[in-house]
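K.L.:
Sharing a structure, written as structure tokens. Questions coming.
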């Protein structure tokens, strides 16, 4: 009988990777990400500070995201 859904650690890894990378805007270089983060901080100073970070799931093509310091996924 073939399994139709993943369970356990494999499913959690897949969900984490998709949330950490797939659902966020990607930037090709660090300067563009930092500029966008500083603009967000300037426009909405009442929200949590946003920072640019290198995506740990980027693989062969490095890219950056913007996020709050406490929500950044840990490096693998």
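Residue numbers (the numbering used here): 2 to 77. Backbone N, C-alpha and C define an ideal beta-carbon position, used for all residues, glycine too. All of these numbers come straight from a predicted model, not from anything done at the bench.
1. Just to confirm, is the Cβ distance from residue 67 to residue 34 under 7 Å?
2. Count the other C-beta atoms from every protein chain shown that fall within 10 angstroms of the C-beta of residue 51, then say buried if there are 16 or more, exposed otherwise.
3. Kindly indicate which residue of 69, 70 and 55 has the alpha-carbon position closest to the one of residue 27.
4. In chain order, what residues of the same chain have a beta carbon less than 7 Å from the beta carbon of residue 63, not counting five sequence neighbours either side?
P.N.:
The short version:
1. yes
2. buried
3. 55
4. 55
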